[in-house]
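Residues in the sequence shown are numbered consecutively from 1, following UniProt numbering.
Note that CB positions come from ideal geometry on N, CA and C, so glycine has one too.
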Amino acid sequence: MTLAVHSPVAGTTIPLGEVPDPVFAQAMVGPGVAVRPEGGRADAVAPIDGTVATLHPHAFVVAADDGRAVLVHLGIDTVKQQGEGFSLHVVQGESVRAGQPVVSWDPDAVTAAGYSPVVPVIALDATDGTLTAPGPGAAVSAGDELFTWSG
């Protein structure tokens with residue numbers, strides 16, 4: 001079965017290898033695609049239908065009914081902002097639909113605080129070759145299909 005994973009934010013796709021964090025760049029937590037977000041305050045939306053399995057102001061995981069889970073990390077090292085500038089719209093354990101707002105944030109404020117606003121979207125526990133993604137430089141809107149996950 002193929003799972004369509006949607007972009008949580010609007011922006012431009014970049015390869016994971018260009019994410020300024022070795023854990024993401026080396027796909028240690030799984031393969032995926034990163035998005036360089038557009039500036040300005042916006043909602044990060046759920047990438048798939050499922051349950052909010054993990055929720056922090058700067059990151060969240062949505063798990064599908066079949067057990068596959070997608071991590072969305074809003075910026076790099078943004079945990080150091082201790083939630084400042086992030087507003088949660090859901091609670092852990094809540095069921096969400098793809099495209100539903102999960103967290104409001106401002107990539108420009110992340111940049112101003114000295115962090116990268118790049119958003120890795122990771123297929124947790126996926127194996128190489130199970131994702132089909134666009135090439136780098138693709139423009140995406142929040143809610144657009146970002147990649148598909150076969151499994």
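Check: When burial is assigned at 16 or more other CB atoms within 10 Å of the CB, is Ala123 buried or exposed?
Finding: buried
Next item on the list: Output the boundary residues of the beta strand (DSSP E) element that contains Pro120.
Entry: 119-124
Next item on the list: Inspect the beta-carbon positions of Gly75 and Glu38 and report whether they are closer than 8 angstroms.
Entry: no
Note to self: I'd like to know if the segment 50-69 and the segment 80-98 are in contact, where contact means that at least 3 CB-CB pairs between them fall below 8 angstroms.
What the structure shows: yes
Checklist line | Distance CB(Val79)-CB(Val121) smaller than 8 angstroms | finding: no
Notebook entry, point to check: What does DSSP give as the partner residues of Pro147 in its beta bridges?
Noted result: Per the sequence presented here, residue 147 reads as Phe, with Pro not at that position. Answer is Val5, bridged to Phe147.
Checklist line | Contacts around Thr148, its chain only, beta-carbon distance under 6 angstroms, and the 5 residues preceding and following it disregarded | finding: Thr2, Ala4, Thr132
Next item on the list: Give me the Cα-Cα distance between Gln26 and Leu16, rounded to the nearest whole angstrom.
Entry: 7 angstroms
Next item on the list: Rounded to whole angstroms, what's the CA-CA distance from Ala42 to Pro8? Just pull it up for me.
Entry: 10 angstroms
Check: If we ignore side chains and look at the alpha-carbon of each, how far apart do Gly151 and His6 end up?
Finding: 17 angstroms
Notebook entry, point to check: What did DSSP end up calling Ala25 once you bin it into helix, strand or coil?
Noted result: helix
Next item on the list: Using a threshold of 8 angstroms, state whether the C-beta atoms of Pro136 and Val103 are closer than that.
Entry: no
Check: Taking Ala139 as the reference, which of Asp21, Asp49, Ala34, Gly30 has the closest Cα?
Finding: Ala34
Next item on the list: Keeping to the same chain, check which residues put their C-beta closer than 7 angstroms to that of Arg36; ignore five residues upstream and five downstream.
Entry: Gly11, Thr12, Ile14, Val118
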